[in-house]
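The structure under discussion appears below in the form of structure tokens.
Number of protein chains: 2
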Amino acid sequence: MSDTDFATIAEFPTTERSRVRRRHDRGSHAHADVHAVLDATPLCHVGYTIDGAPYVTPTLHWREGNRVYWHGSAASRFLRQAEGTPVCLTCSIMDGYVLARSAFNHSINYRSAMVFGTARVIEDVDEKARALRHFVDGLFPGRWESLRPMTAQELKATSVLWMEIEEATAKVRDAPPGDLEDAHIPVWAGILPLQSGLAAAEPAPGLPGSIALPAALDELIRSGRLR
Amino acid sequence: MSDTDFATIAEFPTTERSRVRRRHDRGSHAHADVHAVLDATPLCHVGYTIDGAPYVTPTLHWREGNRVYWHGSAASRFLRQAEGTPVCLTCSIMDGYVLARSAFNHSINYRSAMVFGTARVIEDVDEKARALRHFVDGLFPGRWESLRPMTAQELKATSVLWMEIEEATAKVRDAPPGDLEDAHIPVWAGILPLQSGLAAAEPAPGLPGSIALPAALDELIRSGRLR
Chain D
1 MSDTDFATIA EFPTTERSRV RRRHDRGSHA HADVHAVLDA TPLCHVGYTI DGAPYVTPTL
61 HWREGNRVYW HGSAASRFLR QAEGTPVCLT CSIMDGYVLA RSAFNHSINY RSAMVFGTAR
121 VIEDVDEKAR ALRHFVDGLF PGRWESLRPM TAQELKATSV LWMEIEEATA KVRDAPPGDL
181 EDAHIPVWAG ILPLQSGLAA AEPAPGLPGS IALPAALDEL IRSGRLR
Chain H
1 MSDTDFATIA EFPTTERSRV RRRHDRGSHA HADVHAVLDA TPLCHVGYTI DGAPYVTPTL
61 HWREGNRVYW HGSAASRFLR QAEGTPVCLT CSIMDGYVLA RSAFNHSINY RSAMVFGTAR
121 VIEDVDEKAR ALRHFVDGLF PGRWESLRPM TAQELKATSV LWMEIEEATA KVRDAPPGDL
181 EDAHIPVWAG ILPLQSGLAA AEPAPGLPGS IALPAALDEL IRSGRLR
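This is the structure we're talking about:
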């Protein structure tokens, strides 16, 4: 890659907080690399601090440009004081075990993104509805329009948070074991790939047989993607 | 369950930090419930605080009794000051999307455990080797014995942390959509189950054809378990 090419790639700033300290070859601050991991899985882990102590809450997230949104229901402990506080949101996908000839060189293939920002709580009801629609349709194309509309009370009871990504690091390992110096040792080495996907849909109890699975969901299941 | 039965179940203490604030029906402090989630996936997210700011690092963990261990390589930023600092380690497994007739009642089926403790760094080389053996053999039964032994330098370069679980919460959702009041609305509802598993092993480039996949790994791949 020439210097000219490099200069055209949008990158998050490299700071003390987000600098990749190990395995520099695996890390990137490029927007595209960070976004690719955020978009590859709906599950994230949101880290925040209360009274100096760390908390890590799993929830679902989605992305719009350089903003990441997340569903606040699982983070209500945090919600009361979320506005304006620093957050680290991390997504990780394990793609496989990497087995080497020594314990030391065992590893995993993975994709992860660690993004830093300042939490914002959406108070405006219209903006909240817009964000939730993006969330639902991002997972299940066209679904929002087919649903019973959200009531004012439901909108009030649902929390949506977001942050502008201020700093971020993506890390990827996607390679066989890196222990060529041990290749003469007669022990099995290689990758045990990990695969995730959606299985056959299970209709809700009592769902009328006349209501077929929407084509978009059928396509999602067949695609092998998680969203 | 009678009161007598309940009294015999080992539980983590219910404190302000670990109290389940929402969906009480889904939460548990029972040791067995917390351990089951920790044991079901090798991937965890470790949360810690540096200079008041939160960090969430993905890594692999394992459990011995009421202690949880984790691999320190991905947390070197934290390592220098890890000893004695508070940690929140969270494991989450997404088991499926739950699609309801309203956006509000959409959910996911999942298993998660949030455990709190105080980080300890293993300095003793023999104890570190013992812990790493437990880690490797826990993932791949019998593998440690087959490997090229770790060198003193490799042991020094590998970090293992652990903590006694002081407080913990497990949460599980495993149910169809809970929107019976909307059952008359003609939209598809149900579960899209998410499945994870190991795919066919990929031998390292150049691995002699005479070195077969060990039976324990073949069994792991066929079992549908991740470890």
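Protein chains in written order, with this note's numbering: chain D, 1 to 227; chain H, 1 to 227. Beta carbons are placed, not taken as given, at the ideal position from N, Cα and C, and that holds for glycine.
If you count every other CB in all the chains shown that lies within 10 Å of the CB of residue i, and 16 or more means buried, which is it?
i: D/Pro-13; result: exposed
i: H/Glu-83; result: exposed
i: D/Ser-210; result: exposed
i: D/His-24; result: Legend: pLDDT at D/His-24 = 47, less than 50; position of this residue unreliable, value from coordinates given subsequently. When all chains shown are included, D/His-24 counts as exposed.
i: D/Pro-208; result: exposed
i: D/Glu-16; result: exposed
i: D/His-184; result: exposed
i: H/Lys-156; result: exposed
i: D/Leu-180; result: exposed
i: D/Thr-151; result: exposed
i: H/Leu-43; result: buried
i: H/Glu-123; result: exposed
i: H/Gly-117; result: buried
i: H/Ala-74; result: For H/Ala-74, the predicted model reports a pLDDT of 47, less than 50, meaning its position is unreliable and no value from the coordinates is stated.
i: H/Arg-80; result: exposed
i: D/Asp-279; result: Residue numbering for chain D in the displayed model covers 1 to 227; residue 279 of chain D lies beyond these limits and cannot be assessed.
i: H/Asp-174; result: exposed
i: D/Ser-92; result: buried
i: H/Ser-223; result: exposed
Pull up the CB-CB distance for residue i and residue j, whole angstroms please, since I reckon it's below 8 Å.
i: D/Thr-85; j: D/Ala-40; result: So it is not a contact: roughly 27 Å between Cβ atoms.
i: H/Ser-102; j: D/Arg-227; result: With 8 Å as the limit, H/Ser-102 and D/Arg-227 do not qualify as a contact, their Cβ atoms being about 20 Å apart.
i: H/Gly-47; j: D/Pro-54; result: 4 Å
i: D/Gln-153; j: H/Gly-197; result: At roughly 41 Å, the Cβ-Cβ gap does not stay under 8 Å, so D/Gln-153 and H/Gly-197 are not in contact.
What does residue i touch in chain H if you count any residue whose Cβ is under 9 Å from its own?
i: D/Leu-198; result: Gly-96, Tyr-97, Leu-192, Pro-193, Leu-194, Gln-195
i: D/Val-34; result: The contacting residues do not exist; D/Val-34 stays about 15 Å from chain H at best.
i: D/Leu-161; result: The contacting residues do not exist; D/Leu-161 stays about 14 Å from chain H at best.
i: D/Glu-164; result: Here the premise fails: no neighbours, minimum Cβ distance about 16 Å.
Show which residues of chain D have a CB atom less than 7 Å away from the CB atom of residue i.
i: H/Gly-206; result: Ala-183
i: H/Gly-47; result: Gly-47, Pro-54, Tyr-55, Val-56
i: H/Ala-103; result: Leu-132, Val-136, Trp-144, Leu-147, Met-150
i: H/Ile-221; result: Leu-192
In terms of alpha-carbon separation, which member of the options lies closest to residue i?
i: D/His-45; options: H/His-35, H/Leu-43, H/Val-56; result: H/Val-56
i: D/Met-163; options: D/Gly-27, D/Ser-92, D/Arg-63, D/Glu-11; result: D/Arg-63
i: D/Gly-65; options: D/His-134, D/Leu-99, D/Gln-81; result: D/His-134
i: D/Leu-217; options: D/Gly-206, D/Tyr-69, D/Arg-173, D/Gly-138; result: D/Gly-138
i: D/Arg-143; options: H/Ala-36, H/Phe-104, H/Arg-173, H/Cys-88; result: H/Phe-104
i: H/Pro-176; options: H/Ile-221, H/Glu-167, H/Ile-191; result: H/Ile-191
i: H/Gly-27; options: H/Tyr-110, H/Ser-102, H/Ala-129; result: H/Tyr-110
i: D/Leu-99; options: H/Met-114, H/Leu-226, H/Ala-201; result: H/Ala-201
i: H/Gly-178; options: H/Pro-186, H/Gly-72, H/Ile-108, H/Ala-204; result: H/Ile-108
i: H/Ala-131; options: H/Trp-70, H/Arg-148, H/Glu-11; result: H/Trp-70
i: D/Phe-78; options: D/Ser-112, D/Arg-222, D/Asp-51; result: D/Asp-51
i: H/Tyr-97; options: D/Leu-38, D/Glu-11, D/Ala-199, D/Cys-88; result: D/Ala-199
May I ask which residues mark the beginning and end of the beta strand (DSSP E) holding residue i?
i: D/Gln-195; result: 190 to 198
i: D/Ala-113; result: 107 to 118
i: H/Ile-185; result: Element bounds for H/Ile-185: n/a, residue is neither H nor E.
i: D/Glu-64; result: 53 to 64
i: H/Glu-166; result: Here H/Glu-166 belongs to no beta strand (DSSP E), and DSSP marks it neither H nor E.
i: H/Asp-95; result: 86 to 99
i: D/His-71; result: 67 to 71
What residues of chain H sit near residue i, judged by a beta carbon separation below 7 Å?
i: D/Pro-214; result: Trp-188
i: D/Ser-112; result: Pro-58
i: D/Pro-13; result: Those within 7 Å of D/Pro-13 in chain H number zero; the least Cβ separation is about 16 Å.
Run through chain D and tell me which residues come within less than 8 Å of residue i, C-beta to C-beta.
i: H/Leu-43; result: Ser-92, Met-94
Given that residue i touches chain H, what residues does it touch there, using C-beta distances under 8 Å?
i: D/His-106; result: Val-136
i: D/Glu-167; result: Correct list: empty, because the minimum Cβ distance to chain H is about 11 Å.
How far does the alpha helix (DSSP H) with residue i in it reach, from first residue to last?
i: D/Glu-127; result: 125 to 139
i: H/Arg-143; result: 143 to 146
i: H/Ile-221; result: 215 to 223
i: D/His-29; result: Counting along the chain, D/His-29 falls outside any alpha helix (DSSP H), and DSSP gives it neither H nor E.
Identify the contact partners of residue i in chain D, using a Cβ-Cβ distance below 9 Å as the criterion.
i: H/Ile-211; result: Pro-186, Val-187, Trp-188, Ala-189
i: H/Phe-140; result: Tyr-97, Leu-99, His-106, Leu-192
i: H/Ala-201; result: Leu-99, Trp-188, Gly-190, Ile-191, Leu-192, Pro-193
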